[in-house]
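A.B. asks: Here it is, the structure, as structure tokens.
Numbering (our numbering), first residue to last: 5 to 104.
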């Protein structure tokens, strides 16, 4: 996904935002994502994707050897995404603190 930088940035922001609202769902999604290859990284045309059913796409994208859940990795991405989500607020607080 980081080959497409804007999508990576939006994904980080959404993860940080979602952690505050639905933390359990974000963790479930993170675990499920470890089992799949991302569609955006595949060399599949839009027409091919549209001609397949969801079940067929899931089968195509399923990893042969899924990554194992690692709490340290999840904590790292939680920290990065939360900082990214809160960065406008942190910048405002820093600017206010410097001006006072």
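Glycine is no exception: its CB is placed at the ideal position from the N, C-alpha and C atoms.
(1) Let me check understanding here. Comparing Cα to Cα, which of 26, 36, 99 lies closest to residue 70?
(2) Would you list the one or two residues that DSSP bridges to residue 66?
(3) Check residue 47 in the structure and name its three-state DSSP category.
(4) Who are the Cβ neighbours of residue 82 in its own chain at under 7 Å, not counting the five residues just before and after it?
(5) Which class does residue 1 belong to by DSSP, given the choice of helix, strand or coil?
(6) In this structure, does DSSP put residue 55 in helix, strand or coil?
(7) I want to see whether chain B comes within less than 8 Å of residue 78, judged by CB atoms only; does it?
(8) Quick check on the burial criterion: 16 or more other C-beta atoms within 10 angstroms. Buried or exposed for residue 85?
(9) Start and end of the alpha helix (DSSP H) containing residue 80?
C.D. replies: Let's see:
(1) Start at 1 with the first residue of the chain shown, and residue 70 comes out as number 66. It is 36.
(2) On the chain shown, residue 66 is found 62 positions in, with the first residue counted as 1. Paired residue(s): 40.
(3) Here the question's residue 47 lines up with position 43 in the chain shown. Coil at residue 47, not helix or strand.
(4) Position 78 of the chain shown, counting from 1, holds the residue named residue 82. Around residue 82: 23.
(5) This structure cannot speak to residue 1, because the chain is shown only from 5 to 104.
(6) Looking up residue 55 in the chain shown gives position 51. DSSP places residue 55 in helix when its eight states are reduced to three.
(7) Of the protein chains in the structure, only one exists, and it is not chain B.
(8) Your numbering for residue 85 matches position 81 in the chain shown. Per the 10 Å Cβ criterion, buried.
(9) If you number the chain shown from 1, residue 80 lands on position 76. That run of the alpha helix (DSSP H) goes 75–103.
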